[in-house]
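This report refers to the structure that appears directly beneath it.
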Amino acid sequence: MLSLNLLAIPLLALLMGLALSLAARFFAKEQDPLVDAISELLPNGQCGQCGFPGCAQAAIAMSAGELGPDCCPPGGQALAQQLSKLLGVPLQKGTSEKCLPQVVEIDPTLCDGCTRCFKKCPFDAIVGANKQLHGILTDICTGCGMCVSACPQDAITYKTDPIFTYGWAWPKPQQN
Amino acid sequence: MLFSHSLIKGGVHPEGRKQLSNDNDIMRLPAPKRLYISLKQHTGLPATAVVRAGDKVIAGQLIATGSGSSANLHAPQSGVVLKIATHRAAIPGGGEELMIHMLCDPERQNSSLKVDNDAKDRVALIDIIEAAGVVGMGGAVFPAATKIRSTLNKQIDTLLINGCECEPYLTCDDKVMREQSVEVIGGIRYLLQATAAPKAIIGIEDNKPEALQILTDAASEDSNIEIKSLPTHYPMGSAKQFIQALCQVEVPKGKRSTDVGVFVQNVATCAAIYNAIRYGKPMTHRVVTLSGGALEKPMNIEAPIGTLISELVASCGGLKGTASRIVIGGPMMGHTISNMHTPIIKGTSGILFLEESELPQKNSSPCVSCGRCVSVCPMGLLPNAMAELVANDDLEASSEQGLNSCLLCGSCAFICPASLPLTQYFTYAKDELGRQRKMENKAQLARRLNQQRSERLAKEATEKAAQKAAKKAQRGATRPKRTPTTAEQEI
Numbered sequence: 001m002l003s004l005n006l007l008a009i010p011l012l013a014l015l016m017g018l019a020l021s022l023a024a025r026f027f028a029k030e031q032d033p034l035v036d037a038i039s040e041l042l043p044n045g046q047c048g049q050c051g052f053p054g055c056a057q058a059a060i061a062m063s064a065g066e067l068g069p070d071c072c073p074p075g076g077q078a079l080a081q082q083l084s085k086l087l088g089v090p091l092q093k094g095t096s097e098k099c100l101p102q103v104v105e106i107d108p109t110l111c112d113g114c115t116r117c118f119k120k121c122p123f124d125a126i127v128g129a130n131k132q133l134h135g136i137l138t139d140i141c142t143g144c145g146m147c148v149s150a151c152p153q154d155a156i157t158y159k160t161d162p163i164f165t166y167g168w169a170w171p172k173p174q175q176n
Numbered sequence: 177m178l179f180s181h182s183l184i185k186g187g188v189h190p191e192g193r194k195q196l197s198n199d200n201d202i203m204r205l206p207a208p209k210r211l212y213i214s215l216k217q218h219t220g221l222p223a224t225a226v227v228r229a230g231d232k233v234i235a236g237q238l239i240a241t242g243s244g245s246s247a248n249l250h251a252p253q254s255g256v257v258l259k260i261a262t263h264r265a266a267i268p269g270g271g272e273e274l275m276i277h278m279l280c281d282p283e284r285q286n287s288s289l290k291v292d293n294d295a296k297d298r299v300a301l302i303d304i305i306e307a308a309g310v311v312g313m314g315g316a317v318f319p320a321a322t323k324i325r326s327t328l329n330k331q332i333d334t335l336l337i338n339g340c341e342c343e344p345y346l347t348c349d350d351k352v353m354r355e356q357s358v359e360v361i362g363g364i365r366y367l368l369q370a371t372a373a374p375k376a377i378i379g380i381e382d383n384k385p386e387a388l389q390i391l392t393d394a395a396s397e398d399s400n401i402e403i404k405s406l407p408t409h410y411p412m413g414s415a416k417q418f419i420q421a422l423c424q425v426e427v428p429k430g431k432r433s434t435d436v437g438v439f440v441q442n443v444a445t446c447a448a449i450y451n452a453i454r455y456g457k458p459m460t461h462r463v464v465t466l467s468g469g470a471l472e473k474p475m476n477i478e479a480p481i482g483t484l485i486s487e488l489v490a491s492c493g494g495l496k497g498t499a500s501r502i503v504i505g506g507p508m509m510g511h512t513i514s515n516m517h518t519p520i521i522k523g524t525s526g527i528l529f530l531e532e533s534e535l536p537q538k539n540s541s542p543c544v545s546c547g548r549c550v551s552v553c554p555m556g557l558l559p560n561a562m563a564e565l566v567a568n569d570d571l572e573a574s575s576e577q578g579l580n581s582c583l584l585c586g587s588c589a590f591i592c593p594a595s596l597p598l599t600q601y602f603t604y605a606k607d608e609l610g611r612q613r614k615m616e617n618k619a620q621l622a623r624r625l626n627q628q629r630s631e632r633l634a635k636e637a638t639e640k641a642a643q644k645a646a647k648k649a650q651r652g653a654t655r656p657k658r659t660p661t662t663a664e665q666e667i
């Protein structure tokens with residue numbers, strides 16, 4: 001009697017798994033090639049800033065026209081332009097210039113080396129070890145913000161990507 | 177002659193205004209107290225400092241090493257390194273750069289590079305030029321050694337030495353040719369060796385008759401160095417136009433001058449190469465033109481790299497009027513700065529203090545489609561169409577129109593009767609496209625790292641599961657058979 005009780009759960013799991021795998025094989029729906037093309041471009045950070053739980057869902061929403069090409073903050077202007085070209089949806093003027101791509105930085109006086117951000121980063125853009133000060137690799141960071149919410153010390157803040165602040169930047173001439 | 181048979185396509189004829197600064201001899205600046213030597217003298221990666229705060233350095237000592245697109249930096253004066261920190265730089269937009277702050281001592285012992293004066297080997301010569309931190313002084317600030325090294329596996333037929341100085345106001349190259357002709361010709365001889373070119377041609381615009389005469393005399397014994405007079409025609413000094421004027425060869429789009437068998441170098445760079453190889457002197461000083469209507473005594477100054485512009489102005493007798501605009505470089509291609517408390521770098525050819533009367537008309541009006549910009553564009557582009565596309569944020573399309581071929585020479589903006597800021601559109605578009613490219617590369621990198629991470633995590637998970645299973649199996653096998661306890665035995 002006891003052995004039957006113990007077996008019930010694994011058996012049930014096995015049956016359900018079988019049923020699911022069969023269903024996946026026989027009722028498989030062909031993926032929209034447009035969705036694949038969009039997924040190919042998205043950063044795949046699963047940060048959820050677009051309002052969807054992951055990049056795959058965002059790609060589906062985008063192909064259905066529910067989501068604009070400029071919805072992905074980590075991808076920034078470059079991605080928005082690629083997507084707008086792919087989708088044939090023009091970018092709204094003015095929206096792109098106001099919000100420059102962001103990266104994060106760690107306040108060294110607050111970080112206590114808990115490694116929570118380090119584990120969360122989808123791009124391996126954080127270096128650090130237990131009880132050691134962590135650092136952000138700005139060249140990789142997409143500003144997805146997964147680490148910001150993970151940090152118990154509130155030590156992580158956003159700043160504009162140095163690509164846009166460092167060096168010789170010429171402004172666009174004003175039209176009169 | 178100019179209009180009937182022009183050597184280069186397009187171009188304009190701005191007023192020279194060179195007589196402002198080309199009368200006086202080059203002034204040697206007395207040692208300034210403080211120097212701010214920028215680690216970023218050019219586009220690309222900055223040099224790496226090899227000194228620390230508190231270090232004592234002597235004049236000519238290596239203080240930062242370059243790699244690839246950056247060159248070595250040496251201390252222009254003896255002194256102490258105060259700190260390595262950011263300081264306001266003379267760059268567009270007025271940002272800050274990392275600089276070596278130095279406090280100079282009056283004592284001036286020199287350290288020079290160890291050089292083999294009789295070096296005949298091409299590679300050895302290039303190594304000396306590299307160690308001395310010589311960069312192209314015509315404006316690009318690209319390390320001379322890197323450029324010369326690219327000729328090692330190419331056949332160079334002609335060495336072209338650029339003494340055009342086609343920008344108005346600037347006279348530093350003119351003065352170098354007139355006062356340091358021995359160094360210039362000596363440097364050309366070394367360059368002929370280093371590039372293995374059979375002959376050299378020095379091209380000088382005909383508004384510099386003294387320089388033409390002096391260099392012709394100085395090179396009278398060299399059969400393989402020829403001096404040619406070129407008509408005064410902006411932008412004659414631009415490498416592609418210069419090659420076209422002297423060799424009648426057009427450098428194809430996307431190719432370099434070395435691909436068509438010519439190698440271009442600026443006259444001041446030749447003098448620096450001579451000083452490096454002959455005397456082991458690293459590049460620590462340069463001749464800068466200070467000119468403009470607002471300056472009391474316009475002149476050329478040989479100043480240490482890292483001298484503040486404010487100190488240079490003070491040694492020129494200060495300002496006599498209101499400088500409505502301070503320009504770094506020439507008036508055609510230079511950029512404005514708003515702060516004089518910024519240091520000069522190896523590429524600073526001139527600093528202009530322009531009065532209101534010297535400035536172009538400010539207000540622009542809509543394009544009248546006159547097509548003058550098209551006829552003056554030396555690269556045969558359509559500046560009006562390109563600017564229109566940039567104004568409408570269609571950078572891709574303007575790039576297809578040939579934005580990358582644009583020299584940013586400013587001829588189109590100079591001639592435009594509507595005073596449209598054409599060059600500004602192109603500089604903006606080039607910068608913006610560059611940033612977009614960087615962002616695209618970054619996104620690609622992020623994607624790749626994300627993929628690698630998920631693969632790694634999956635691998636770790638399976639490994640962990642396998643380990644767990646193995647442990648479990650082991651535990652199951654080695655677990656001792658349950659022996660009855662004494663209590664049970666008793667029952």
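Line by line, the protein sequences are chains A and B. Each residue of the first sequence is one higher than the one before, counting from 1 in the numbering used here. Each residue of the second sequence is one higher than the one before, counting from 177 in the numbering used here. Beta carbons are placed, not taken as given, at the ideal position from N, Cα and C, and that holds for glycine. Quick caveat: nothing in here was measured; it's all calculated off a predicted structure.
First through last residue of the alpha helix (DSSP H) which encompasses F27(A): Where F27(A) is concerned, there is no enclosing alpha helix (DSSP H), given that its DSSP letter is neither H nor E.
Per DSSP, the bridge partner or partners of N338(B): Paired residue(s): G379(B) and N442(B).
Chain B within 7 Å of L79(A), Cβ atoms only: yes
Contact list for K172(A) against chain B, beta-carbon separation under 9 Å: Chain B residues near K172(A): V566, A567, D569, Q600, Y601, Y604, A605 and E608.
Under 8 Å from the C-beta of L422(B): neighbouring residues of chain A: Think of a sphere of 8 Å around the beta carbon of L422(B): no beta carbon from chain A falls inside it, the nearest being about 31 Å out.
Top-ranked residue by Cα proximity to Q217(B), from S357(B), M459(B), N286(B) and Q195(B): M459(B)
Same chain, Cβ closer than 7 Å to S500(B), five either side skipped, listed in chain order: Closer than 7 Å at Cβ, skipping near neighbours: L530, E531, E532 and L535.
Identity of the residue in V443(B), D350(B) and A373(B) nearest G312(B) by Cα: V443(B)
When L42(A), E105(A), I60(A) and L87(A) are compared against C72(A), the one with the closest alpha-carbon: L42(A)
Nearest-angstrom Cα separation, counted from D199(B) out to R354(B): 11 Å
Whole-Å CB distance - I485(B) paired with T518(B), under 8 Å assumed: 6 Å
Residue environment, D201(B), which counts as buried when at least 16 other CB atoms sit within 10 Å: Label assigned to D201(B): exposed.
Whole beta strand (DSSP E) elements within the stretch 463-534 of chain B, 3-residue minimum: 475-480, 501-504, 511-513 and 526-530
Cut-off 6 Å between Cβ atoms - residues of its own chain near L4(A), not counting five sequence neighbours on either side: If we look at L4(A) and ignore the five residues flanking it on each side, it has no Cβ neighbours.
DSSP state of L2(A) mapped onto helix, strand, coil: helix
Start-to-end residues for the beta strand (DSSP E) that takes in R264(B): For R264(B), the enclosing beta strand (DSSP E) begins and ends at G255 to R264.
Within-7 Å CB hit, F52(A) to chain B: no
P101(A) classed as buried or exposed, judged by whether at least 16 other C-beta atoms fall within 10 angstroms: buried
Among A447(B), M509(B) and M516(B), nearest to T483(B) - alpha-carbon criterion: M516(B)
Cβ pair K522(B), C492(B) closer than 7 Å: no
Buried/exposed call for K119(A), threshold 16 Cβ in 10 Å: exposed
Residue range of the beta strand (DSSP E) that includes S148(B): Outside the displayed span of chain B (177 to 667) sits residue 148(B), for which this structure offers no information.
L11(A) burial status per 10 Å Cβ neighbour count (16 or more: buried): exposed
D382(B) classed as buried or exposed, judged by whether at least 16 other C-beta atoms fall within 10 angstroms: exposed
C-beta contact flag for P268(B) and H511(B) at 7 Å: yes
Chain A contact for P208(B) (CB, 7 Å cutoff): no
Proximal residues to A563(B) (C-beta, below 7 Å), its chain only, five neighbours per side dropped: L596, L598 and Y601
Nonlocal neighbours in the same chain, by C-beta distance under 7 Å from C543(B), ignoring five residues either side: In its chain, beyond the 5 residues on either side, N560, A594 and L596 have a beta carbon closer than 7 Å to the beta carbon of C543(B).
R204(B), buried or exposed, once every other Cβ within 10 Å from all chains shown has been counted against 16: exposed
Interface flag, I140(A) vs chain B, CB-CB below 7 Å: Judged by the 7 Å Cβ criterion, I140(A) is in contact with chain B.
Sequence ranges, alpha helix (DSSP H) only - wholly within the stretch 65-150 of chain A, length at least 4: 76-87, 95-98, 116-120 and 146-150
CB contact flag (L583(B), S414(B), <7 Å): yes
Where S214(B) falls: helix, strand or coil (DSSP): strand
Cutoff 7 Å: E616(B) Cβ touching any chain A Cβ: yes
Interface partners of L621(B) on chain A, CB under 7 Å: Result: I140.
Segment contact flag, the stretch 48-64 of chain A with the stretch 28-40 of chain A, C-beta cutoff 8 Å, min 3 pairs: Judged by Cβ distances under 8 Å, the stretch 48-64 of chain A makes contact with the stretch 28-40 of chain A, as three or more pairs qualify.
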